[in-house]
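Residue numbers (our numbering): 43 to 183.
Ideal Cβ positions, reconstructed from N, Cα and C, are used throughout, including at glycine.
Reading through the structure tokens given below for one structure.
Structure follows, in structure tokens:
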């Protein structure tokens, strides 16, 4: 049992040494004494000390292309556009193509009043329930 553990330990040491050697060789191979970089990005002027997220492509021995990574804005989703159906002091009820959403918001100083918070939440939820009953397009069976 101990012999197999010792053998596994020896294999792990050899593997670690090989990885260190490969990393050292890669560091030597990737040093460039002189290089030309063409930068393509949102703003063409880079200030001294400024950093940018770029994708670096090696074009040939001395020339690189640095393309700034940009976040593409998401496409508008008209099916996720919510229409407000009702509002209260602390809540909003809205609807989109997927369903009806009810949300409440209470400030921290209002949460400390436990009895008041429970009563307020109950009354506002009841108001939203009454609104839903009155809306015929939501209550079709």
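The DSSP assignment places complete alpha helix (DSSP H) segments of no fewer than 4 residues inside the region 81-165 at 150-153, in order along the chain. If you draw a straight line from the Cα of residue 160 to the Cα of residue 120, it is about 36 Å long. Between residue 116 and residue 124, the C-beta spacing is not below 7 Å. For the pair of segments examined, the region 98-114 was found not to touch the region 126-133: the number of CB pairs separated by less than 8 Å stays below three. Looking at 138, 141, 146, the one whose alpha-carbon comes closest to that of residue 130 is 146. Straight through space, the alpha carbons of residue 132 and residue 157 are spaced by roughly 16 Å. Take residue 99, set aside five residues on each side of it, and the residues of its chain with a beta-carbon closer than 6 Å to its own are 107, in chain order.
By the C-beta density criterion, residue 166 is buried, having at least 16 other C-beta atoms within 10 angstroms. Taking residue 101 as reference, the option from 87, 94, 89, 79 with the minimal CA-CA separation is 79.
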